[in-house]
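For the protein sequence lines, the chains are A and B, in the order given.
Heads up: the first sequence begins at 1 in full-length UniProt numbering, then just goes up one per residue.
Heads up: the second sequence begins at 1 in full-length UniProt numbering, then just goes up one per residue.
Think of the CB as a built atom: it goes at the ideal place given N, C-alpha and C, for glycine as much as any other residue.
Because the structure is a prediction, the values reported are computed rather than measured.
Everything below concerns the one structure shown next.
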Amino acid sequence: MPKDTGIGASTKRREDVRFLTGRGVYTDDLSLFGQAHAVMVRSSVAHGRIVSIDTAAAESMPGVLAVFTGEDFKDVGGNPAGWLINSRDGTPMREPKRPVLAHGKVRHVGDAYAAVIAETYAQAKDAAQVLADATVIEELPAIVDMRAAVADASNRVHDEIPDNLCFDWGWIEDNRAAVDAAMKAAPHVVTLELTNNRLVPNAMEPRASIGEYFPGTGDYKLTTTSQNPHLTRLLVCAFVMGIPENKLQVVAPDVGGGFGSKIYHYGEEALVLAAAKRLGRPVRWTAERTESFLSDAHGRDHVTKIELGCTKEGDILAIRTETLANVGAYLSNFSTATPTFLHGTLMAGPYKVPHVYVNVKTVFTNTAPVDAYRGAGRPEATYSIERVIDKMCRELGLDPFEVRRRNLLTPDQFPYTTPVGLVYDTGNYQATLDKAVELADVAGFEARRAESAKRGKLRGMGLSTWIEACGIAPSHLVGVLGSRVGLYDAATVRVNATGTISVMTGAHSHGQGHETVFPQIVAEKLGIPETSVEIVHGDTAKIPFGMGSYGSRSLAVAGSAMDRALDKIIAKGKKIAAHMLEAAEGDITFADGKFSVAGTDKAKSFGEIAFSAYVPHNYPLETLEPGLEETAFYDPANFTYPAGAYICEVEVDAETGKVDVVAFTAADDFGNVMNPLIVEGQVHGGVGQGIGQALCENTSYDENGQLLTGSYMDYAMPRADDVPFYTVDHSCATPCTHNPLGVKGCGEAGAIGSPPAVVNAVIDALHSGGHTHVTHIDMPVSPNRVWQAINA
Amino acid sequence: MTKVTMTVNGKSVSAEAEGRTLLVNYLREGLGLTGTHVGCDTSQCGACVVHVDGKAVKSCTVFAVDVAGSDVRTIEGMANADGSLGVVQQAFQDHHGLQCGFCTPGMVMSSAALLAENPRPTEAEIRHYLEGNICRCTGYHNIVKAVLAASGQDAGAMAAE
Ligand code: FES
Ligand code: FES
């Protein structure tokens, strides 16, 4: 019997009511008295020297209040990279300054070099055009292709960086010789060169920011589309603008999706604050979708050569990769961690591979910055591994299911230290594989294939067994790895005098459903109704601290902080109860919302204890403070390791190259599941994005650095008729061993595990049709590419 | 600027609009009805869908002056008279057909228009009809389920869990 409340119940989301009735409040929905409108002026060339900007004409236009250029921000700090990565030779990465507005040079199409503030949006927009026309930019040759960027030292994105290289990273450098030797000795070596296509995250709500300044107190307020308001506050205050943190309130109200792109601090946030101060009025900015394409941090964009050494029976002996990773024109906040510690550390997959070595060179180009996008590094790792294993199976005539079974770690091997520096705490990869095989009806596949063939279609099946490291992140570990911040989280549980509860959490919900799920946990733990609990998030003035939501960390880290704070509430409640019940504290037990004296029927309800804490008439005031509110900071001991097995079935029309995903099965191990309805929704969404990456999405720059896919007319987003119903399962759970809820995180899984399953299925379909010369097709496997591959 | 009058969610309303003011801006800025969203600038995403004289329309493609006098319905007008969620809205909540909620107003308006035209659509018909509404969060699974359910069909049986 499924539960209908508390942990494990599919509680319907309470936040839905406001979203379904048009009463959500997103940043752009706010309208402030006296507000002015900002429009950014963006470069139309990929690379150029700013010769002159004549602001006079724009400044004299109707309604124009101010014009800002890079000159106005040249003395404030740059937007920093959050992780310091060292090259193989020990030298630190190159960190060019990322200014609020471009100064001296523009470095990608869409790079903002000025901003116009006006009474109305239309006036600002008109004046921005005039300003653009009055700007002289000497165009320089664009650096777009990564290989060309590192080959041609004469052409530089940043004048001070001679080879356009940010760093050349080896992981783990000490493994290298052993990996080379193992590769040499391997009876068979499979080599695959592949591209992990560049994607635009495309949260449906475009970025928006509103700056306010209060001259009476010198306080600032930033309302912004952020996944992590505290981090934004830290970056704006400590790094860019030099404002004391206590003088800036950052609010992220309802946020319409993030997928990574809203983790980062962007220049527009500093701009609206500076403009608000100069004008003494609120200043707002909202991106048009075209601006989102041009200026949001993009994702992926790796070119990888992977080699896999194995026995003829398919035992994996060694993996070696060389990757070029595009960071774009500037370093976005997580951009140096994504291709390294979120990618290289996963390169052993869920397998017992004795030897792994990863080399990543990150390259500056005249394109938008590239950073974490749903999955962040782990989809790239998974795609490389799962594609090369598939190729191995074809070269050696082995069954891909059998090969996975041979190589997967077994449950008795945990905790397991990988050759790339992680310690997997628990898992049962055979169980999720068996579950996927059962749910996908692999046994019936040949019959389905025959049926497809009757309709002239080639049917293929693709498998991927994936793992990720999430619950980001143990601070001690990421500190060693180069992180400049800690990645713990915090929660305050405030029990109100009447027994209702407010939880201030550092996690930020922009679709994940925290407002529903977190109360389920509180209700379960305190034995009170879910409706008595309210979640407060997204406001630095209300919550103690937090690092926000990304890396599937909300429950595993912020949820654990909340759990710890609840423990403290219960502990204090026991003290109060002991006093009121005239018993020893050690004799008080707490269950089902009641504090009882063990072995007696003497008890006080949770509500009575809360009331007593706030009306302390009969209360141990000499030894205990009144009130019932506790804060906990939680720093995880390890990453969490969700894992699973995905099976995709496609039909390919060999005449046109069109691929249809006809079935998709995901069997995942997320540890304990708090709300199955929401967890399944997360998997659906991730798989939808993964199918998008595999089949249709691609970000394309031409040789001049012009973005060819700058709108929904050109960038193919997956639509309702591009995807099937998915079959998802999370019953094979091995609870996380090191956090109190036993949760592993589910937000990124779908986007990590699905792309290789789709591509493997397409290759399988083509082989079944006799097109055995096709060993690989780069994503997106569009009709054009599939047709070309068939007819090569 | 001219004063543009129309009926929105059953009430006669008027607000100032320029010739270039889009219906979506008229609703959001003129009337403060911010439930209708703007997700793109190329009429592709469907976040802005409203009903104009009973038909689903992308309100970012229509000038407010061109629909003066029309009967417009937005997401704010979809609940039942007693304030409870309407059938389509309730189905979206029951089946978790929304996550961040940004595409949701457009999805609900499009789905309602579909059901008005075709009260028992097939899965394929739903997917085809919603082709003009982009959702980045849900992978569409639960949206399609919600529309099936709103049409009285057994969504659970049609969509394997
Ligand atoms: S805003 Fe109207 S279709 Fe995107
Ligand atoms: S629910 Fe977020 S875009 Fe659809």
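Mind checking who residue i pairs with in its DSSP beta bridge?
i	result
HIS355 of chain A	A:ALA318
ASN196 of chain A	A:HIS302
ARG459 of chain A	A:GLU651
PRO718 of chain A	Bridge partners of PRO718 of chain A: none, in fact.
ASP254 of chain A	A:TYR26
HIS188 of chain A	A:CYS310
LEU22 of chain B	B:PHE63
TRP171 of chain A	A:VAL358
ASN86 of chain A	A:PRO92
TRP787 of chain A	DSSP, once it has assigned bridges, lists no residue as partnering TRP787 of chain A.
GLU212 of chain A	A:LYS221
ASP71 of chain B	B:THR7
ASP660 of chain A	A:GLU651
ILE535 of chain A	A:VAL503
Throw me the rounded Cβ distance for the residue i and residue j pair, which I believe falls under 8 Å.
i	j	result
SER70 of chain B	ASP94 of chain B	Wrong, their Cβ atoms sit about 32 Å apart, outside the cutoff.
HIS508 of chain A	ALA252 of chain A	6 Å
VAL536 of chain A	PRO519 of chain A	Actually they are not in contact, since the Cβ atoms of VAL536 of chain A and PRO519 of chain A sit about 12 Å apart, beyond 8 Å.
ARG405 of chain A	GLN430 of chain A	7 Å
GLY106 of chain B	HIS37 of chain B	7 Å
LEU695 of chain A	ASP722 of chain A	7 Å
GLY260 of chain A	ALA376 of chain A	6 Å
VAL72 of chain B	LYS58 of chain B	In fact, because the Cβ distance is near 13 Å, the residues do not count as touching under 8 Å.
PHE595 of chain A	ALA603 of chain A	6 Å
Which residues in chain B have a C-beta closer than 9 Å to the C-beta of residue i? List them in chain order.
i	result
VAL17 of chain A	LEU85, GLN89 and GLN93
Helix or strand or just coil, what does DSSP make of residue i?
i	result
THR589 of chain A	strand
PRO92 of chain A	strand
ALA58 of chain A	helix
GLY328 of chain A	strand
residue 816 of chain A	Chain A is shown from 1 up to 792; residue 816 of chain A falls before or after that span and cannot be answered.
TYR646 of chain A	strand
ASN246 of chain A	helix
MET504 of chain A	strand
GLY101 of chain B	coil
THR345 of chain A	helix
ALA287 of chain A	coil
LEU114 of chain B	helix
LYS125 of chain A	helix
VAL49 of chain B	strand
ALA112 of chain A	strand
LYS391 of chain A	helix
TYR264 of chain A	coil
THR232 of chain A	helix
ILE385 of chain A	helix
SER335 of chain A	coil
Using a Cβ cut-off of 7 Å, pull out every chain A residue sitting near residue i, in sequence order please.
i	result
TYR140 of chain B	GLY688, ALA720 and VAL723
VAL108 of chain B	LEU20
CYS137 of chain B	GLY257, GLY511 and GLY685
GLN153 of chain B	Near GLN153 of chain B there are no residues of chain A at all, since even the closest Cβ is about 13 Å away, more than 7 Å.
THR74 of chain B	GLY22
GLU131 of chain B	ARG719, ALA720 and ASP721
For a contact meaning CB atoms closer than 8 Å, what does residue i contact in chain A?
i	result
LEU31 of chain B	Neighbours of LEU31 of chain B on chain A: none; closest Cβ ~12 Å, over 8 Å.
ASP41 of chain B	GLU288, ARG289, THR290 and SER711
CYS60 of chain B	Per Cβ cutoff of 8 Å: no residues; CYS60 of chain B is ~10 Å from chain A at best.
With a cut-off of 7 Å, does the C-beta of residue i fall near any C-beta of chain E?
i	result
CYS103 of chain B	This model lacks chain E altogether; the protein chains it does include are A and B.
Find the residues of chain A that neighbour residue i, judging by a C-beta separation of less than 9 Å, and give them in chain order.
i	result
HIS128 of chain B	ALA720 and ASP721
Anything in chain B within Cβ reach of residue i, meaning under 8 Å, just list it in chain order.
i	result
GLU205 of chain A	HIS37, GLY39, CYS100 and PHE102
ILE678 of chain A	HIS96
**Asked** Residue ranges of each beta strand (DSSP E) run of no fewer than 3 residues wholly in the segment 22-53 of chain A, ordered along the chain?
**Response** 36-42 and 48-53
**Asked** Curious, which full-length alpha helix (DSSP H) runs of at least 4 residues does the segment 133-168 of chain A contain?
**Response** 146-151
**Request:** Output the residue ranges of the alpha helix (DSSP H) runs that lie fully inside the segment 466-499 of chain A and measure 4 residues or longer, sorted by chain position.
**Result:** 475-480
**Request:** At 3 residues or longer, and completely inside the segment 561-610 of chain A: list those beta strand (DSSP E) runs for me, N to C.
**Result:** 588-591, 594-597 and 603-605
**Asked** Which runs of the beta strand (DSSP E) spanning at least 3 residues fall entirely within the segment 665-747 of chain A, listed in chain order?
**Response** 726-729
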